[in-house]
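**Q**
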Amino acid sequence: MIELVLLDVDGTLTDGKIIYNQDLCESKVFNVKDGLGLVTWQKLGKKVAIISGRNSPITEFRAKELGISCLYMGIENKKEIVLKLKKDFDLQSSQIACIGDDLNDLPMFAECGLCFTPSDGNEWLQEYADVVLKSKGGEGAVREMIEYILIEYGLKDEVLKIYQ
Numbered sequence: 003m004i005e006l007v008l009l010d011v012d013g014t015l016t017d018g019k020i021i022y023n024q025d026l027c028e029s030k031v032f033n034v035k036d037g038l039g040l041v042t043w044q045k046l047g048k049k050v051a052i053i054s055g056r057n058s059p060i061t062e063f064r065a066k067e068l069g070i071s072c073l074y075m076g077i078e079n080k081k082e083i084v085l086k087l088k089k090d091f092d093l094q095s096s097q098i099a100c101i102g103d104d105l106n107d108l109p110m111f112a113e114c115g116l117c118f119t120p121s122d123g124n125e126w127l128q129e130y131a132d133v134v135l136k137s138k139g140g141e142g143a144v145r146e147m148i149e150y151i152l153i154e155y156g157l158k159d160e161v162l163k164i165y166q
């Protein structure tokens with residue numbers, strides 16, 4: 003049973019675009035459907051962690067907004083964080099799912115039991131993914147991943163009860 007989902011940010015929770023205005027302020031767009039999926043996942047008592055290669059106050063704000071306290075930014079080797087989370091939460095690889103979109107996510111994939119990439123994820127990374135999603139990054143890919151897991155483990159009815 004999957005207990006923890008790991009998320010890359012740029013290219014999965016967002017479309018991968020980073021916009022800077024004339025004051026060099028960063029801007030990103032997040033999908034509200036992904037947000038509800040992550041909130042629902044946590045309502046089931048499951049865990050979420052974000053592991054991003056970039057530092058971003060916007061990502062920090064979004065994580066806080068969604069109640070995600072496990073946030074790791076500026077990470078070069080995502081495998082080290084996955085190993086730490088396995089130890090901290092006493093989990094096996096088979097209990098962890100992840101989503102990534104590019105080659106820097108390969109070390110994370112190597113430590114997870116179920117790996118996803120958006121349909122526009124890097125072609126080489128897709129070879130290592132268990133599931134290539136129909137959705138593009140930033141367009142509901144994280145929600146699609148969560149719903150895939152919920153259906154796979156027979157949790158759909160439990161989720162529907164939360165919202166009825």
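Per this note's numbering: the sequence shown = residues 3 to 166.
Even glycine gets a Cβ: it sits at the ideal position worked out from N, Cα and C.
1) From V161, R145, I151, pick the residue whose C-alpha is nearest to that of G39; which is it?
2) Could you compute how far the alpha carbon of E149 sits from the alpha carbon of S58?
3) Could you compute how far the alpha carbon of G142 sits from the alpha carbon of F63?
4) With a cut-off of 8 Å on the beta carbons, I'd call L8 and M110 a contact; round off their distance for me.
5) Given that a residue counts as buried once 16 or more other Cβ atoms are within 10 Å of its Cβ, and exposed if not, what is A112?
6) Go through its chain and collect everything with a Cβ distance to S29's Cβ below 6 Å, but skip five positions before and after it.
7) By DSSP, does V161 sit in helix, in strand, or in coil?
8) Short of 8 Å in beta carbon distance, which residues of its chain neighbour M3, apart from the five on each side in sequence? Order them along the chain.
9) Using the C-alpha atoms, what's the distance from K80 back to I60?
10) Kindly list the residues whose CB is nearer than 7 Å to the CB of S121, restricted to its own chain and excluding five residues on each side of it in sequence; keep chain order.
11) Going by Cα to Cα distance, which pick from L105, C114, C117 is closest to E125?
12) Measure the CB-CB distance between R56 and G69 and report whether it falls below 9 Å.
13) Are the Cβ atoms of G37 and D103 separated by less than 9 Å?
14) Taking G140 as the reference, give the member of I101, G115, Q166 with the closest Cα.
**A** Let's see:
1) R145
2) 27 Å
3) Approximately 19 Å between the Cα atoms of the pair.
4) 6 Å
5) exposed
6) I21, listed in sequence order.
7) helix
8) If the five residues before and after M3 are omitted, its C-beta is found closer than 8 Å to the C-beta atoms of Q97, Y155, all from its own chain and listed in chain order.
9) 20 Å
10) V134, L135, K136, S137, K138
11) It is L105.
12) no
13) Pairing G37 with D103 gives a Cβ-Cβ distance that is not under 9 Å.
14) I101
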